[in-house]
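Read the structure below first, then the notes.
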Amino acid sequence: MRRGWDPTVLMASTTLPPASAPSSENTQVNIDLGDRRYDILIGGGLLVPQTFEGLPKSATALIVTNTTVGPLYTAKLRAAIAPHHKTVLDIELPDGEQYKDWPALNQVFTKLLEEAADRKTVLYALGGGVVGDMTGFAAACYMRGVPFVQVPTTLLAQVDSSVGGKTAINHPAGKNMIGAFYQPQRVVCDLDTLDTLPQRELVAGLAEVIKYGPIADADFLAWLEANLDALLARDRAALMHAVKRSCQIKAWVVNQDEKESGLRAILNYGHTFGHAIEAGMGYGQWLHGEAVGCGMVMATDLSARLGLIDADTAQRIADLIQRAGLPVKGPDLGADRYIELMQVDKKAEGGEIRFVLVGPLGQASMRPAPDALVRDVIASHTR
Ligand code: NAD
Ligand code: GLY
């Protein structure tokens, strides 16, 4: 039976808490999931023993990191968690989205088994979203579940991937297709670690920051427009506010819909087109945040073509994404290939693609869209 173009209304049942004034003080945001509640600590100088007090103690801990982040921060994290464990092991995975796969995940299991790690072993994810997603998935699976702590070291991971319990690896046919919902015990966002982040990665992280404006908080969008240059220059107070507000919005969403039966889908704004770019180009060619940035431009244009927002608002969002230095034109994979890849998106039902669309500004809905419109959008935003 042919379905109509009815939207799935992604209604929040609570009001988004207001933003506090920007400040450089260390702060925290809470995820309130009953017996799985946890804190997100945000600030500078957090890789010290006090930060890790009150977490599960265990004989063995394993720091999972990669060959880039390990040499920079493993020693510091090891010293910070050493008082809480008898033995602190570490493993460095290969660096890159193309290694977010079974062989790399299996290296973690092999290390745990070789070291006879028991079911109380705590895993620490030290790195960006790739390490965080893989470590979380390893923690969900090893002995059917061991505790893990997120120590995100990219802007993207601090504002999005380390929070909310989505863990996964990629499949060549689809991004993040194999995974589990599994919440960490704590998230430690040490802004000092961003000092070593390459600028291209900082910009990629800004895509996931920008996304929160159009879908949930028009005031935050305006703040980002006014403070983009400060963020690009890594001004500490600006970064602190961006990370805190992003985590607050993500917490507000996850607290209402942990397993994405509705509202949480708004966090996938730009991801349907974006995941097609990542998978279509081969993982690691486009950074995840770059693909999401370009995907948001496409999803925003689709929203405008469907009459959900006016053309000026759509342009305003696209301008911010472009000013951030994110790509606004996607690769020319061909419309058929985009559509084929989007049909394996997790939001698709029965092969029907469902897009997260914006409108009015600060709200989002999820709906299918006429094939011809989708093809027009792809044609307008690829080269
Ligand atoms: P990433 O993990 O690949 O990190 C980006 C690069 O920066 C890597 O080369 C990494 O080694 C390096 N790096 C990390 N921290 C550094 C530091 N402090 N200094 C210097 N270099 C550093 O990429 P990402 O953008 O952090 O994460 C993208 C991944 O996150 C994707 O796989 C995406 O699917 C996933 N993701 C998951 C969720 C979720 O809810 N679980 C949400 C958004 C994105
Ligand atoms: N990054 C999308 C989500 O956490 O739901």
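Residues in the sequence shown are numbered consecutively from 71, following the working numbering. Cβ atoms here follow ideal geometry from the backbone N, Cα and C, with glycine treated the same way. Since we're looking at a predicted model, the values are computed, not measured.
- Not one heavy atom of the ligand GLY falls within 8 Å of the beta-carbon of G359.
- Between V447 and L378 the beta-carbon gap is near 13 Å, outside 8 Å, which marks them as no contact.
- In this structure, the C-beta of E167 stays at least 8 Å away from each heavy atom of the ligand GLY.
- Taking a contact as a CB-CB distance under 8 Å, the pair S93 and A384 does not count as one, their CB atoms being some 33 Å apart.
- Here the C-alpha atom of V273 lies approximately 20 Å from the C-alpha atom of T342.
- Taken from the Cβ of E185, every heavy atom of the ligand GLY lies 8 Å or farther away.
- Contact between the region 150 to 158 and the region 283 to 290 is absent: fewer than three C-beta pairs spanning the two stretches fall below 8 Å.
- Per DSSP, R270 is one residue of the alpha helix (DSSP H) stretching across Q269 to A286.
- Cβ contact annotation for K156 (same chain, cutoff 6 Å, sequence separation greater than five): A129, in chain order.
- Using a Cβ distance threshold of 9 Å, V99 and K314 count as a contacting pair.
- Cα atoms of Q355 and G166: separation of roughly 10 Å, rounded to the nearest angstrom.
- If you draw a 10 Å sphere on the C-beta of R453, you find fewer than 16 other C-beta atoms in it, and that means exposed.
- Ranked by Cα distance from G206, the first of A238, K181, S316 and T180 is A238.
- At a cut-off of 8 Å, the beta-carbon of G275 counts as near the ligand NAD: some heavy atom of the ligand is closer than that.
- For T205, the enclosing alpha helix (DSSP H) covers residues G199 to C211.
- With contacts defined as CB atoms closer than 9 Å, H358 and G199 qualify as a contacting pair.
- Looking at A277, K399 and A195, the one whose alpha-carbon comes closest to that of V134 is A195.
- Where Q98 is concerned, the enclosing beta strand (DSSP E) starts and stops at T97 to I101.
- Contact between the region 169 to 185 and the region 96 to 112 is absent: fewer than 3 CB-CB pairs across the two stretches fall below 8 Å.
- Beta-bridge partners assigned by DSSP to N338: none are found.
- Of the heavy atoms belonging to the ligand GLY, none sits nearer than 8 Å to the Cβ of S450.
- Checking the DSSP bridge columns, you'll see F251 partnered with K236.
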